[in-house]
Structures are given as C-alpha cells and as structure tokens.
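Reviewing the structure listed below.
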Amino acid sequence: MEAGTQRAIPAIPKEELLQMYEQMLRIRIFEEQVNELYTSGKMPGLAHLYIGEEAVAVGVCRALRREDYITSTHRGHGHCLAKGAAVNQMFAELLGKAAGYCHGKGGSMHIADPETGNLGANAIVGGSTAIAVGAALSAKMRGTEQAVVCFFGDGAFAQGILYEAMNMAALWKLPVIYVCESNMYGEYTATREAAAGEVLARPQACGIPVKEVDGQEVRAVFGAAKEQVERARRGGGPGFLICHTYRFRGHHVGDVNRSHYRSAEEEEAWIRERDPVRLLGLFLIRQRLADASALEKIDQTIRAEITAGVQFALEAPYPEPGEVTQNVYP
Amino acid sequence: MRELTFGQAIKEALVEEMRRDPTVFIIGEDVAEAGTVFKVLSGLVDTFGRERVIDSPISEAGVTGLGVGAAMTGMRPVVDIMFGDFITLAMDQIVNQAAKVHYMSGGKLRVPLVIRTTMGATRRSAAQHSQSLYAWLAHIPGLKVVLPSTPADAKGLLKSAIRDDSPVVFFEDKMMYQLKGPVPEAEYTVPLGVADVKRSGTDVTIVATSSMVQVALEAAARLEGDGISVEVVDPRTLMPLDKSALVESAKKTGRVIVVDEGYEQYGVTAEIAAVIAEGAFDHLDAPVRRMGAMNVPVPFSPVLEDQTVPTAAAVAGAAKQLCGRT
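This is how it looks when you write it as structure tokens:
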C-alpha cells in the first residue's frame, strides 16, 4: 500500500458519507436479490455479483459528475447503480422485460444507460478499455471537460487491448481513469498465476500515474478517484487506480463450489473483517455521524425499494416477439 | 464530366464531409503527413490539422475500439485500417462491440463509425496483405459493408457511409486507386443498399463486386463479339444487399455468374447465388455459377498469384459455357 494512503482520505461531509453508505447498501441488497431470483428460477441466465466490491463503484462514481462517462464489465450491476441507474429498470433488464434499460435485449452483462453516462457493461474482458479512450478523445474534441472511468478486473491484465488503450490515452493525454478492481481472481484462476511481474509497472511504463488503495474503504477510494478525476479533467492526462478488493461470492451465481481455487477460510476472513458496507457503518457510528438506529432505518428504506423493484420487474411485460428484429440498425 | 481517380474521389468525399460536419475525424496509422501508404489522404492534414487527421500507433484493435467509443459519444470517426488483412486484429471491437452496441442497448446507443480498409490481390504482397475479407463482416448483423467499384460510386457511397448511424466497413481495392472515371462536381450521395446495373444485357447476368466489376465489364466486351449480351450488376453494398435488383436481372437473363475476389468457400458468391436461387429459381436455365478467389492463401510469385483471382478470360469462358457456346 502506498505510503500516506490514510492522509489521502479527504474530509467528507456527513451527508455524503450517508449517501455513500446508502448506495453501497443498495448494491448489496440488490445483488442479494439477484442471487435469490437466480436460485428461485425466476431469472434467465446467470449474473456476476458485485457483493464485496461495493466501495469501488460507489467511491469512484461519487467522484464523477452525472455527465461523466463510465464503461463497465460483466460484473457491472454495482457500476450501473453507483452511476445513478434505477433499481426498477435494472431488475426488469435482468428478467428480460421490456421495461429494462435495454428493453430486455442486453441482460445482466450489457446494461447501458446513456442518461447517467453509463456507456454499457461489456462481457468481453478488457473489451471496453479502448472504447473508454474513444469517449475521452470525444470529450476532449468536443471540449466538454467530461472525464471517463474504465472499470475492469485484474483478469484484464492478460488482454492485449488494455495496453493499446493505455498507450493511446497516455500519448494523447486523454481524460480517462483506468480503475482496476483487483479481486485476486479471473474467473477461477488466481491473478498471481495469470499476471507476471508487477501489474502497476504496466501503466507506469506508459507514464500513467498510478494510485493504489484499499478497495474496501470507500472513503479511500473516493479520495484517490477524486484526485485522479480532477487531474484528468484539468487536462493532466490519464490515471490508473488499483483497488484491492474481493468478490465475496463466486465468479457468477452458479459458482458455489469454490474450494478448487480458493479456501473457505480466505472468504470468511474477507467477509468478517473487510466488508466495505460494515466498515463504513462502523466508521459512521464511531465518528458519531450516525447511530445504529439511523443505519437500520436506511437499511429498511433500501430493502423496501429493492422489494418494490423486484415486484415491478416480475410484473412487467416481456418484449413483443416482433421486437427481436428492431434495433439491429438505427 | 470531369474525371477523378478512385483515390481522389475518396479524398474528396472525406474533405466534403469533414467540412460539412465538425464531428467527422480520421484516425489511423500514417494518415496525417504520410497521407496513408497509398497516398489517398495526401494533404488532408494541411486542411484539417492533426486534431482531425490523427496518426495512431500500430494498434488496430485499440484504434477501432477508440472509434467505437468516440462514435458512441457524439463523434463520427473514420478509422483507417491500412490493409484489410489487419482487420482480423480488430475483430472483437468490430464484431462484439461496434456491431452490437445499438442492439444490446435496446437502441439507446449508436455507433456512427466508418472503418475504411483495403482488399485485393495481384499486388505481389503475398498472403497477409492481399485478402478480401469482407464476407466475415457481412456475416455479422449490425454492420454495413460497402464495396465501391468506380470513382463516382466510391465518393457517393463514402459520403453516405459517414452520414449513416450504423458502423460501416468500407473496402477499397488497392489496385483501383489509380482507376479514373467520371465524377460529378455537384454534391451527391449514393445510397447504401442500391445495386447498379453497370451494363445492360439479355443473355447472361454477371453479378460482380468491387475489383471484379472491371473484370466483368471486360468479359462482357469480349462476349459481345461472340454475340452474347451480358448484363453486369454491381450490388455496391453487401449489407444491405439489394436482393430484388439481383433477382430481377436473373429473371431477365436466366443465367447468372457471381464473381467476387473473396475466397470462394463460404463466401459472398455463395450468399448471392443462394439469394438468386431462392428468388428466381423458376426463371433459371442453369445453376448459378460461382467464381471467387482460389481457396489458397494468396501466394507471392506472380505465376502463382495470378491464378488465384478470376480473370476476364475465365469469366468470359464461364459465360460461354453457361450459354452453351463452348
């Protein structure tokens, strides 16, 4: 961990901390419901849960404006919600309903919401790394001061296009922040078995400033992201933020027997000691910014919102069969 | 009418569209001062500056992805991929990203991207700089694929491609850059999806694409001396494909040869032959004949390479056979 990480945590107003807590909890409970929809056979296909990584999306997106862009990944529900997506349309999309963000055509791995600057989740590992550079070049050419965040996992260190993208972003000083959610595994393979050498040496070789943070501490993530986003917005070029985190569940909802690639002890330790939602909750209580009953109230509000969202999606109609041929071409 | 080369017509289309629309920009390897290795874009950087004519690293996948991202966010990029063979390096960005973004997002996002690239053999460039790989892209729903065969078509089709809200892959035959032809001075576009009858005839239809249009016209001229009247139909775009124009010509002549420079196996000739068989079966006097590039990697030695591409003599021979005049 970089020296001075703690000092890098900015003073964040109470209201904003509570909003971050609420947003992380929204993602947590949303994802628990997604798992429930899967196990009860109500959701077609699979989903890759963001549980355990909430502080990354929330901390980073808190540093962004609504008009800033993000590109997301197969594990993208958290990014979408953190950037401002509504749970109703998210659930509807996951169930393949017409009311979903993509009218049921995208599903879990392709949710896009241009209104909140979300250019879409991408089911190709590393697939959006160059798209993010293009959005950043576009912002620069249009003179908008928009910043772009490219979320990706540590599995993408093995994809060539990441290096093509970082090279161009650095050459042309484009306002894009590469946010690596380093959760230690690419599917069922440990990153140490897939990435040779030092991963941070890669962006550094392109001259991109790197920042390393504890991805379970939303305040630290926010502080580092804010610094990089502001520099990029001022024309300072790209940034690279590595957030050390952990996916509490499997690669996807069906990945329940995980002992062949990681131990139950490892998982339990992360869940017990490094839960980002609980860590912020404890901080709020210790700093007397909220008491247990205030947090409980937030919990109840979010649970009601999620329950209503699931209900909305379950009752929503499917697309008309004729829609299958719509939107192939504009 | 004034004459321009194929390359000049392409450059003129770009100049006009860049003047017309400030969101249009060009990016690719050696597009600026070098004006591309084929010199098609010479001088363009002087007019529009390096902000809009951008030299890129040799990163076909990265540059194509950049084009997708810029197109999704309000720009109209024209990505230059020097050789069509290199499009293989960008296939994920073209096939999984550009082609699918509009559909996957339920119509919310658009990718008004043009990828200009090249095709064609007989330039002694061997197996990795000579292929005509457009069938790969025409296979993918969400993409449009353009194959101009004359300077006038190249200009009008490129202008339409740039204005189109879909990703369009525009293939230019390297051997054709110096080909001259009449190009109107007044503003015009050629719509995507409309075939052109390059020569009218009654005995046999030759459907020909890109480089093979000239081959077909030469064959038609030879066959005229033999009393065979040839109709040459150029689809101009593979996607959208003007099926009705192809079927109409087939119904009129009853005999069809499809000539294309892509590999013959699983290629454009097969698709077009199937379209004609489905649409004009009862009017055909013979099975549709296909002539594509030989199913071998393009060889270097001229003696070998020249065998791999259909020639006017071969097409004329096939037409005679089809008309029972062997």
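Chain order of the listed sequences is R and Z. Take the first sequence: its letter number 266 is residue 1259 in my numbering, and every next letter is one higher. Take the second sequence: its letter number 229 is residue 231 in my numbering, and every next letter is one higher. Every residue gets a Cβ at the ideal spot worked out from N, C-alpha and C, and that includes glycine.
| said: Suppose contacts are defined by Cβ-Cβ distances below 7 Å. Is residue 115 of chain Z in contact with residue 86 of chain Z by that definition? | reply: For the purposes of this step, residue 115 of chain Z is identified with residue 113 of the second sequence, where counting begins at 1. For the purposes of this step, residue 86 of chain Z is identified with residue 84 of the second sequence, where counting begins at 1. Result no, Cβ atoms of residue 115 of chain Z and residue 86 of chain Z do not sit closer than 7 Å.
| query | Run through DSSP, which three-state label would residue 182 of chain Z get? | reply | As a position in the second sequence, residue 182 of chain Z is number 180, starting the count at 1. If DSSP states are grouped into helix, strand and coil, residue 182 of chain Z belongs with the strands.
| query | Is residue 1024 of chain R close to chain Z, meaning its C-beta is less than 7 Å from at least one C-beta of that chain? | reply | By 1-based counting over the first sequence, the position of residue 1024 of chain R is 31. Residue 1024 of chain R is outside the set of residues whose beta carbon lies under 7 Å from a beta carbon in chain Z.
| From residue 64 of chain Z to residue 172 of chain Z, what distance separates their C-alpha atoms? | Counting from one through the second sequence, the residue named residue 64 of chain Z turns up at place 62. Counting from one through the second sequence, the residue named residue 172 of chain Z turns up at place 170. If I take the Cα positions, the gap works out to 19 Å.
| query | Given that residue 1044 of chain R touches chain Z, what residues does it touch there, using C-beta distances under 8 Å? | reply | To locate residue 1044 of chain R, count along the first sequence from 1; it is residue 51. Within chain Z, no residue comes near residue 1044 of chain R; the closest Cβ sits about 24 Å away, beyond 8 Å.
| request: Using a Cβ-Cβ cut-off of 7 Å, state whether residue 1099 of chain R counts as contacting chain C. | output: No chain C is present in this structure, whose protein chains are R and Z.
| said: So residue 103 of chain Z contacts chain R; which residues on that side make the cut at Cβ distance below 7 Å? | reply: Reading the second sequence from its first residue, position 101 is the one you call residue 103 of chain Z. Neighbours of residue 103 of chain Z on chain R, chain order: 1113.
| residue 70 of chain Z at chain R interface by Cβ criterion, 7 Å | Within the second sequence, numbered from 1, the residue matching residue 70 of chain Z stands at position 68. Cβ-Cβ to chain R under 7 Å: yes for residue 70 of chain Z.
| Could you give the uninterrupted runs of the alpha helix (DSSP H) lying entirely in the stretch 1119-1192 of chain R, keeping only those of 4 residues or more? | 1122-1135 and 1153-1164
| message | On the CB-based measure, 16 or more other CB atoms within 10 Å of its CB, does residue 238 of chain Z come out buried or exposed? | response | Along the second sequence, one-based indexing puts residue 238 of chain Z at 236. Classification for residue 238 of chain Z: buried.
| message | Residues of the stretch 138-157 of chain Z in Cβ contact with chain R at a cutoff of 8 Å, in chain order, please. | response | Listed by position, the residues of the stretch 138-157 of chain Z near chain R (Cβ gap below 8 Å) are 143, 144 and 146.
| query | Which full runs of the alpha helix (DSSP H) of 4+ residues lie inside the stretch 6-30 of chain Z, going along the chain? | reply | 8-22
| request: Using a threshold of 7 Å, state whether the C-beta atoms of residue 147 of chain Z and residue 135 of chain Z are closer than that. | output: Translated into the one-based positions of the second sequence, residue 147 of chain Z becomes position 145. Translated into the one-based positions of the second sequence, residue 135 of chain Z becomes position 133. Result no, Cβ atoms of residue 147 of chain Z and residue 135 of chain Z do not sit closer than 7 Å.
| task | Assign residue 1070 of chain R to buried or exposed, taking buried as 16 or more other Cβ atoms, counted over all protein chains shown, within 10 Å of its Cβ. | result | As a working mapping, residue 1070 of chain R is identified with position 77 in the first sequence. Buried.
| Is the beta carbon of residue 100 of chain Z less than 7 Å from the beta carbon of residue 113 of chain Z? | Along the second sequence, one-based indexing puts residue 100 of chain Z at 98. Along the second sequence, one-based indexing puts residue 113 of chain Z at 111. Their beta carbons are under 7 Å apart, which means residue 100 of chain Z touches residue 113 of chain Z by this criterion.
| Touch check for the stretch 1127-1138 of chain R and the stretch 1193-1201 of chain R: three-plus C-beta pairs under 8 Å? | no
| Which two residues bound the contiguous beta strand (DSSP E) that contains residue 1347 of chain R? | This structure cannot speak to residue 1347 of chain R, because chain R is shown only from 994 to 1323.
| message | Let's see if you can read the secondary structure: which residues bound the alpha helix (DSSP H) around residue 1028 of chain R? | response | Start at 1 with the first residue of the first sequence, and residue 1028 of chain R comes out as number 35. 1007-1032 is the extent of the alpha helix (DSSP H) around residue 1028 of chain R.
| task | Put residue 1096 of chain R into one of helix, strand or coil per three-state DSSP. | result | Counting from 1 along the first sequence, the entry for residue 1096 of chain R is found at position 103. In the structure shown, residue 1096 of chain R sits in coil (DSSP, three-state: anything other than H, G, I, E or B).
| Cβ-based neighbour list, residue 1054 of chain R, same chain, cut-off 6 Å, excluding 5 preceding and 5 following | In the first sequence, the residue the question calls residue 1054 of chain R occupies position 61. Around residue 1054 of chain R: 1075 and 1076.
| message | Any beta carbon from chain R within less than 7 Å of residue 110 of chain Z's own beta carbon? | response | Counting from one through the second sequence, the residue named residue 110 of chain Z turns up at place 108. For residue 110 of chain Z, the answer is yes, since a Cβ of chain R falls inside 7 Å of its Cβ.
| With distances taken from CA atoms, which of Z:178, Z:326, Z:191 and Z:94 is nearest residue 288 of chain Z? | Counted from its first residue, the second sequence places residue 288 of chain Z at position 286. Considering only alpha carbons, the answer is Z:326.
| request: Answer yes if the stretch 1240-1257 of chain R comes into contact with the stretch 1040-1049 of chain R, meaning at least three C-beta pairs across the two stretches below 8 Å, and no otherwise. | output: yes
| Taking the alpha-carbon positions, what's the residue 254 of chain Z to residue 269 of chain Z distance? | Translated into the one-based positions of the second sequence, residue 254 of chain Z becomes position 252. Translated into the one-based positions of the second sequence, residue 269 of chain Z becomes position 267. Each residue's alpha carbon lies about 25 Å from the other.
| query | Is there at least one Cβ from chain R nearer than 7 Å to residue 359 of chain Z's Cβ? | reply | Since the first and last residues shown for chain Z are 3 and 328, residue 359 of chain Z lies out of range.
| message | On the CB-based measure, 16 or more other CB atoms within 10 Å of its CB, does residue 1307 of chain R come out buried or exposed? | response | Position 314 of the first sequence, counting from 1, holds the residue named residue 1307 of chain R. Residue 1307 of chain R should be labelled exposed.
| Euclidean distance between Cα positions of residue 93 of chain Z and residue 83 of chain Z | Counting from 1 along the second sequence, the entry for residue 93 of chain Z is found at position 91. Counting from 1 along the second sequence, the entry for residue 83 of chain Z is found at position 81. Those two C-alpha atoms are separated by around 12 Å.
| message | Let me confirm a value: residue 308 of chain Z is counted as buried when at least 16 other C-beta atoms fall within 10 Å, else exposed. Which label applies? | response | Position 306 of the second sequence, counted from the start, is the residue given in the question as residue 308 of chain Z. By the 10 Å Cβ count, residue 308 of chain Z comes out exposed.
| field | Minimum C-alpha distance to residue 1292 of chain R - residue among R:1012, R:1091 and R:1057 | value | For this step, residue 1292 of chain R is matched to residue 299 along the first sequence. Comparing Cα positions, the closest option is R:1012.
| Within the 7 Å Cβ cut-off, does residue 1171 of chain R reach chain Z? | By 1-based counting over the first sequence, the position of residue 1171 of chain R is 178. No, because no Cβ of chain Z sits closer than 7 Å to the Cβ of residue 1171 of chain R.
| message | Just to confirm my understanding: we take residue 32 of chain Z, look at its own chain, exclude 5 residues before and 5 after, and list those with CB closer than 7 Å. What are they? | response | For the purposes of this step, residue 32 of chain Z is taken as residue 30 along the second sequence, with counting starting at 1. Counting only Cβ-Cβ distances below 7 Å, and skipping sequence neighbours, we find 38, 39 and 57.
| query | According to DSSP, what are the bridge partners of residue 172 of chain Z? | reply | The residue labelled residue 172 of chain Z in the question sits at position 170 within the second sequence. Z:118 and Z:148.
| query | Under a Cβ-count criterion, where at least 16 other Cβ atoms within 10 Å of its own Cβ denotes burial, should residue 1113 of chain R be classed as buried or exposed? | reply | If you number the first sequence from 1, residue 1113 of chain R lands on position 120. Per the 10 Å Cβ criterion, buried.
| Exposure of residue 1266 of chain R, with buried meaning 16 or more beta-carbon neighbours within 10 Å | Translated into the one-based positions of the first sequence, residue 1266 of chain R becomes position 273. Its Cβ having fewer than 16 others within 10 Å, residue 1266 of chain R is exposed.
| For residue 302 of chain Z, which of Z:125, Z:60, Z:102 and Z:108 has the nearest alpha-carbon? | What you label residue 302 of chain Z is simply residue 300 of the second sequence in a count that begins at 1. Of Z:125, Z:60, Z:102 and Z:108, the residue nearest in Cα terms is Z:125.
| Buried or exposed: where does residue 1072 of chain R fall if 16 or more other Cβ atoms within 10 Å of its Cβ makes it buried? | In the first sequence, residue 1072 of chain R corresponds to position 79, counting from 1. Per the 10 Å Cβ criterion, buried.
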